[in-house]
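> Numbering (the working numbering), first residue to last: -11 to 347.
From the three backbone atoms N, C-alpha and C, an ideal C-beta is built for every residue, glycine too.
No experiment lies behind these values; they were computed from the predicted model shown.
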């Protein structure tokens, strides 16, 4: 699922009451330059585009259906993440209305300049109109964004390991895994058993923030995320389930890309496909253009070529993936947006309920 509007949720419970900031002149300048560059590359690569067109016209329907199912499941997983967070905050929703909210917000985030901020504000308003507490609504947006980023980071680690040499993996992976587990265990043990250890960590944390403004901003953002997460659900073990939803959201979207390659009869570069996908999503998340149009296409095509695909095949795979994961979702999402917004406007004149509307 290309859009993650909640990842840019604001800085407190009152953030959504203000209008989202409009993109500045620099954003428009960069966006126009990127679009012009994409058009220029398309003109220079006419032959590869023709090859991609011929590949797409001969696509196999069964793998395309698999790609559609993978993308649909990716969206459902992201909606399940929202549903879990809402339930943890005392506002149980059904999966169907939550999915409608997610699909609609994804369309807003993917179509408008600065769409992620507009989508996050829209989600907040819809949650509030349906009786969700203001603090819970803001916490859901912030924590969902944090879990989504954490899921992509975990996928990046897994992809890096999978793409490396087999000999290096065999030696380093067990050692790194043991060291990470041991470090986490020692940190948890020290934090729970020794007051001096907690004081030392707190002092190091404070000193680092004093030395750098950027570190201080990062610490404040992390502290807010932890506070919001603790407000929804204390403890660590319960968070494994929503983290799994966030991870599956990304993984199933990557599976959509793999199914697209299969549909075109292109050999799937399994050893590097996951890394290609994650490295594509990182610049795509910057939203330098609406829906990252041109950014995703260029990044994914170039990375697929670097992993052995012919340029025409890489372009065809990219266009098919974007058709399923982005373009096909736009009309569906805007239809959901119209229905939900209309229902939301009607609900203000009726009785407010503590949960979402009936599925």
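(1) Could you round the C-beta distance between residue 231 and residue 139 to whole angstroms and report it? I think they count as a contact, below 8 Å.
(2) Put residue 79 into one of helix, strand or coil per three-state DSSP.
(3) Can you tell me where the alpha helix (DSSP H) with residue 270 in it begins and where it stops?
(4) Residues in its own chain within less than 6 Å of residue 251 by CB, not counting five upstream and five downstream?
(5) Contact defined as beta carbons within less than 8 Å: I believe residue 91 pairs with residue 317. What is the distance between those atoms, to the nearest angstrom?
(6) Measure the alpha-carbon distance for residue 304 versus residue 44 and round it to whole angstroms.
(7) Buried or exposed: residue 106, going by 16 or more other Cβ atoms within 10 Å of its Cβ?
(8) May I ask you to report which of helix, strand or coil DSSP gives residue 121?
(9) Please specify which runs of the alpha helix (DSSP H), each continuous and at least 4 residues long, are wholly inside the stretch 82 to 111, giving them in chain order.
(10) By DSSP, does residue 314 sit in helix, in strand, or in coil?
(11) Where does residue 295 fall in DSSP's three states?
(12) Considering only the alpha carbon of each residue, which of 284, 268, 128 lies closest to residue 147?
(13) Is there contact here, the stretch 63 to 78 with the stretch 278 to 297, by at least three beta-carbon pairs under 8 Å?
(14) Give me, in chain order, the residues of the same chain whose beta-carbon lies closer than 7 Å to that of residue 310; leave out the 5 immediate sequence neighbours on both sides.
(15) If I measure Cβ to Cβ from residue 163 and keep anything under 7 Å in the same chain, skipping five residues before and after, which residues do I get?
(16) Counting pairs of beta carbons, one from the stretch 255 to 266 and one from the stretch 84 to 100, are three or more of them closer than 8 Å?
(17) Roughly how many whole angstroms lie between the Cα atoms of residue 97 and residue 104?
(18) Identify whether residue 275 lies in helix, strand or coil by the three-state DSSP scheme.
(19) Measure the C-alpha to C-alpha separation of residue 324 and residue 124 and round it to an integer number of angstroms.
(20) Taking all protein chains shown into account, do 16 or more other C-beta atoms lie within 10 angstroms of the C-beta of residue 5, making it buried, or fewer, making it exposed?
(21) Let me check understanding here. Comparing Cα to Cα, which of 127, 119, 59, 301 lies closest to residue 94?
(22) Just the C-alpha distance for residue 301 and residue 248, rounded to the nearest angstrom, thanks.
(23) Over what stretch of residues does the alpha helix (DSSP H) that includes residue 227 continue unbroken?
(24) Taking just the CA atoms, how far does residue 254 sit from residue 245?
(25) Residue 296: buried (16+ other C-beta within 10 angstroms of its C-beta) or exposed?
(26) Are the CB atoms of residue 306 and residue 292 nearer to each other than 9 Å?
(27) Whole angstroms are fine: how far does the CA of residue 242 sit from the CA of residue 257?
(28) Do residue 289 and residue 299 have their C-beta atoms within less than 9 Å of each other?
(29) Quick check on the burial criterion: 16 or more other C-beta atoms within 10 angstroms. Buried or exposed for residue 233?
(30) By the 10 Å Cβ neighbour count, where 16 or more other Cβ atoms means buried, how is residue 141 classified, buried or exposed?
The short version:
(1) 7 Å
(2) coil
(3) Per DSSP, residue 270 belongs to the alpha helix (DSSP H) from 258 to 272.
(4) 47, 48, 51, 52
(5) Contact holds; Cβ gap of about 7 Å.
(6) 6 Å
(7) buried
(8) Per DSSP, reduced to three states, the secondary structure at residue 121 is coil, with no helix or strand assignment.
(9) Segments of the alpha helix (DSSP H) lying fully in the stretch 82 to 111: 83 to 99.
(10) helix
(11) coil
(12) 268
(13) no
(14) The beta carbon of residue 310 sits closer than 7 Å to the beta carbons of 284, 285 from its chain, once the five residues preceding and following it are set aside; these are given in chain order.
(15) Residue placement at residue 163 is poorly supported in this model, since its pLDDT is 48, which falls under 50; the coordinates are not used for a value here.
(16) no
(17) 4 Å
(18) coil
(19) 23 Å
(20) Bear in mind that the predicted position of residue 5 carries a pLDDT of just 47, short of 50, making it unreliable; the figure below should be weighed with that in mind. Residue 5 should be labelled exposed.
(21) 59
(22) 11 Å
(23) Taken as a continuous stretch (DSSP letters only), residue 227 belongs to no alpha helix (DSSP H), as it is neither H nor E.
(24) The alpha-carbon atoms of residue 245 and residue 254 are separated by roughly 11 Å.
(25) exposed
(26) Using a Cβ distance threshold of 9 Å, residue 306 and residue 292 count as a contacting pair.
(27) 13 Å
(28) yes
(29) buried
(30) exposed
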